């Protein structure tokens, strides 16, 4: 039976996994990609092979810990490609203590549990698979990789929040997120474009969650997310940076409690909130194209414009922190696939020295700036799962 490594990337209601061939570390061969979506009656499971062909679409009655038993059993029975020798996990928060991937032990799980107040929505969701496997298969090697680790190089002054010191003492500082993605892109740049990897480069991770990272000399100097993954850019359903006075208004005038604030800021804001229609950039563009003169279309235009505007604001701030700009890299779902957004951002940044090659941008080329552009602009697919897989291999 083939030895494999399974990588988990967990959300609040769905669990994505990727199965890699342990023996083929050079190519990081993907054998299976799948997802488990939990519902009140059990779970919906589907899996595809590396060519995108469906291997399974099933409804499972199992819930909770039993889901993982069923998953491992399915892997072991499927085409002899399922002897799991290790599992890697994307964990949102590593706090101040976890600055590198780490072997998961009961003590590590306990420490990570204590970080839940820093990100109550995401921390428990990403810990859930590790906890379940620790109970069901305690002998299995499990490795935690953290979204916060890459930003451990940010200067202390950039970590501080302008609050009474007692908050810093409790760990309430800026951490930054999307670090697994940024680390992957930084390593790709080191191979493909060493000048940008060691220069002053902004990486734009633009997806349903969105942030920017100022990369200088190959290290994170600053990022737009801070204490939580709610900060910074406007996102699909998250507001991003917001005047704290708005929260005071919601509490005082609307009597909003914690749950109301969470629902509004995390799930009802961003592109969804401003457009009033959808958090999905593709849906918004299609709807606007179908009925360009409608009131709905006007709201969609405002949502898209605000999304770009916030990106430009933050790029300006990061450029100032770095003392200039040598490169801009677009990655993640929107960054990799939305040529219209890239065009708007780059055209608005002509003052910074960007000259866009429109044809290259429309065909999603790796380099979308012209040869004489003072700032080089790249499009690079990210691969968080591969980054986790490579981290797991080091422990084997």
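Numbering (the working numbering), first residue to last: 121 to 516.
Just so it is clear, CB atoms sit at the ideal spot from N, CA and C, and this is done for glycine as well.
Since the structure is predicted, the reported quantities are computational estimates derived from the model, not experimental observations.
Check whether residue i and residue j have beta carbons under 8 Å apart
i           : j           : result
residue 502 : residue 452 : yes
residue 512 : residue 448 : no
residue 195 : residue 204 : yes
residue 504 : residue 304 : yes
residue 395 : residue 420 : yes
residue 266 : residue 214 : yes
residue 341 : residue 430 : no
residue 357 : residue 390 : yes
residue 190 : residue 182 : yes
residue 416 : residue 424 : no
residue 324 : residue 306 : no
residue 518 : residue 283 : Nothing about residue 518 can be reported from this structure: the residues present for the chain run from 121 to 516 only.
Local Cβ density within 10 Å of residue i, reported as buried at 16 or more and exposed below that
i           : result
residue 82  : With the chain running from 121 to 516 in the structure shown, residue 82 is simply not present.
residue 326 : buried
residue 174 : exposed
residue 399 : buried
residue 239 : buried
residue 170 : exposed
residue 249 : buried
residue 188 : buried
residue 334 : buried
residue 167 : buried
residue 154 : buried
residue 130 : buried
residue 329 : buried
residue 455 : buried
residue 465 : buried
residue 212 : buried
residue 462 : buried
residue 222 : buried
residue 366 : exposed
Simplified DSSP state of residue i, which is helix, strand or coil
i           : result
residue 495 : coil
residue 511 : helix
residue 210 : strand
residue 425 : helix
residue 478 : helix
residue 222 : strand
residue 433 : helix
residue 374 : coil
residue 158 : strand
residue 445 : coil
residue 235 : coil
residue 398 : coil
residue 349 : coil
residue 140 : strand
residue 274 : coil
residue 488 : coil
residue 189 : helix
residue 290 : coil
residue 451 : strand
residue 359 : coil
residue 383 : helix
residue 171 : coil
residue 164 : strand
Cut-off 6 Å between Cβ atoms - residues of its own chain near residue i, not counting five sequence neighbours on either side
i           : result
residue 351 : 345, 361
residue 127 : 138, 208, 505, 508, 509
residue 411 : 417
residue 176 : 167
Presumed contact (8 Å Cβ cut-off) between residue i and residue j, rounded CB distance
i           : j           : result
residue 498 : residue 313 : 7 Å
residue 247 : residue 232 : 6 Å
residue 347 : residue 293 : 7 Å
residue 315 : residue 338 : Contact flag wrong, Cβ pair sits at about 11 Å.
residue 125 : residue 210 : Going by Cβ atoms, the distance from residue 125 to residue 210 rounds to 14 Å, so no, they are not a contact pair.
residue 480 : residue 474 : Contact flag wrong, Cβ pair sits at about 13 Å.
residue 510 : residue 148 : 7 Å
residue 516 : residue 472 : Between residue 472 and residue 516 the Cβ distance is about 44 Å, and since that is not below 8 Å, they are no contact.
residue 349 : residue 270 : Actually they are not in contact, since the Cβ atoms of residue 349 and residue 270 sit about 14 Å apart, beyond 8 Å.
residue 438 : residue 332 : 6 Å
residue 295 : residue 268 : 5 Å
residue 500 : residue 308 : 6 Å
residue 538 : residue 158 : Any answer about residue 538 is impossible in this case: the structure gives the chain only from 121 up to 516.
residue 134 : residue 152 : About 16 Å; that fails the 8 Å criterion.
Own chain partners of residue i with C-beta closer than 8 Å, once the 5 adjacent residues on each side are dropped
i           : result
residue 336 : 319, 320, 321, 442
residue 514 : 221
Same chain, Cβ closer than 7 Å to residue i, five either side skipped, listed in chain order
i           : result
residue 236 : 243, 244
residue 489 : 474, 475, 476, 477, 495, 496, 497
residue 427 : 354, 391
residue 253 : 188, 207, 260, 262
residue 216 : 291
residue 458 : 401
residue 197 : none
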